[in-house]
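Have a look at the structure below before the remarks.
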Amino acid sequence: MPAGDRADSRRGAWHSGGVTWDEPAARRVLRPPADYRFTASVRALTFSPYDPCARIAAGTFWWATRTPAGPATLALRPEGGTLIAEGHGPGADWVVERADAIAGLRDDLTGFAELAAAHPLVAELAARHRGLRMPATGQLFPRVLRAVFEQKVTGTEAYRAYAATVRHFAEPAPGPFPPLLLPPDAATVAATPYWVFHPFGVEQRRADTLRRAAALADRLERCVDSAEATRRLTAIPGIGPWTAAEVVRIGYGDPDAVSVGDYHVPNTVAWALAGEPRGDDARMLGLLAPFRGHRGRVCLLLAVAGIQAPRFGPRMPVRSFARF
């Protein structure tokens, strides 16, 4: 079992008609390194400050999910140099057992400082943000839901579709944080007709992609590593390298996952590492080659630092497929 002290307190009861797990059913004390940056690390698990399934509020990170043991909510909060993990609901043990990975504390930076030295900017960012860790949830379908909605649209469009879908299925999460909802059940999504998603701004192509992935969710969750998950994901029509990378980066905390096909990332990498205002996927991968094993981490550091390539031309418009 990973390092950390744990004490269970079995309180509360789960009812299908409501949530009564106000008290934690499992608890664990984690001891992160001194330079660990809690909020910056777990923010990757939220879609926005208003994510219906994950929220940072008053210094506590709340994360609702479905586990093999049932629904659960994980609460993580810093306290006196430690990180307190508390689980609510039938799946409390499951989320607390994995709390260190979810917080990014299993993220292995071995050898990254040596690789980062290949470029002065990367070396500087690696030192400046050395407390940033990459979370690993151990779950794929909740991230598939988000990533499919993000395909080829603006962030605003994607979030609206994601939030509307979660609220359509609207199953309250256990625990004392009232607004939190569980991610939609994969089997329910697979059985939902594509036209149900249309009012949420999701056209048939993405809706069908999501439904196909949902039908295979059990197989996806059984993948042993990032490589197997990538193979299975990209075998699903409508899912390519970009979507797969977005999923495994969070599901497995894969530090090498690069979002090939992204609208902005190739330009950002070309600008940051070579001073070139534009770059394609091939150029991006060439520039990232010296950092193999941590290429996704380099992209993350550039994003956290707010580095962007110069903008030319108008921004992508925000559209609504619900009107089409």
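Going from the sequence shown to my numbering is simple: count from 1 and add 19.
Don't be surprised by glycine CBs; every beta carbon is placed ideally from N, CA and C.
Since the model is a prediction, treat every value here as computed from it, not as a measurement.
Give a yes or no on whether the C-beta atoms belonging to residue i and residue j are separated by under 8 angstroms.
{"i": "H107", "j": "P198", "result": "no"}
{"i": "T79", "j": "L95", "result": "yes"}
{"i": "V266", "j": "L159", "result": "yes"}
{"i": "A104", "j": "L49", "result": "yes"}
{"i": "P274", "j": "L134", "result": "no"}
{"i": "D300", "j": "V279", "result": "yes"}
{"i": "A291", "j": "L319", "result": "no"}
{"i": "L128", "j": "P51", "result": "no"}
{"i": "L239", "j": "A248", "result": "yes"}
{"i": "G270", "j": "A120", "result": "no"}
{"i": "T430", "j": "V114", "result": "No statement about residue 430 is possible, as the shown extent of the chain runs from 20 to 343 and does not include it."}
{"i": "A145", "j": "A132", "result": "yes"}
{"i": "N286", "j": "A328", "result": "yes"}
{"i": "R231", "j": "G259", "result": "no"}
{"i": "G315", "j": "V277", "result": "yes"}
{"i": "S67", "j": "Y178", "result": "yes"}
Which word fits residue i, buried or exposed, when buried means at least 16 other C-beta atoms lie within 10 angstroms of its C-beta?
{"i": "W81", "result": "buried"}
{"i": "R250", "result": "exposed"}
{"i": "A254", "result": "exposed"}
{"i": "F168", "result": "buried"}
{"i": "H283", "result": "exposed"}
{"i": "H313", "result": "buried"}
{"i": "R330", "result": "exposed"}
{"i": "T175", "result": "exposed"}
{"i": "D281", "result": "buried"}
{"i": "Q223", "result": "exposed"}
So who's on the other strand from residue i, going by DSSP bridges?
{"i": "E98", "result": "T101"}
{"i": "T92", "result": "A83 and H107"}
{"i": "R238", "result": "DSSP output for R238 lists no bridge partner at all."}
{"i": "R74", "result": "W81"}
{"i": "L200", "result": "P191"}
Rounded to the nearest angstrom, how far is the Cβ of residue i from that of residue j, given a contact under 8 angstroms?
{"i": "G220", "j": "A180", "result": "5 angstroms"}
{"i": "R62", "j": "A118", "result": "Between A118 and R62 the Cβ distance is about 16 angstroms, and since that is not below 8 angstroms, they are no contact."}
{"i": "V208", "j": "L229", "result": "6 angstroms"}
{"i": "T184", "j": "P203", "result": "6 angstroms"}
{"i": "P71", "j": "A182", "result": "6 angstroms"}
{"i": "A233", "j": "A205", "result": "4 angstroms"}
{"i": "P191", "j": "D41", "result": "That belief does not hold up - the Cβ atoms of P191 and D41 are roughly 12 angstroms apart, past 8 angstroms."}
Original post:
Using 8 angstroms as the Cβ pair cut-off and three pairs as the minimum, do the segment 53 to 60 and the segment 144 to 159 touch?
Top reply: yes
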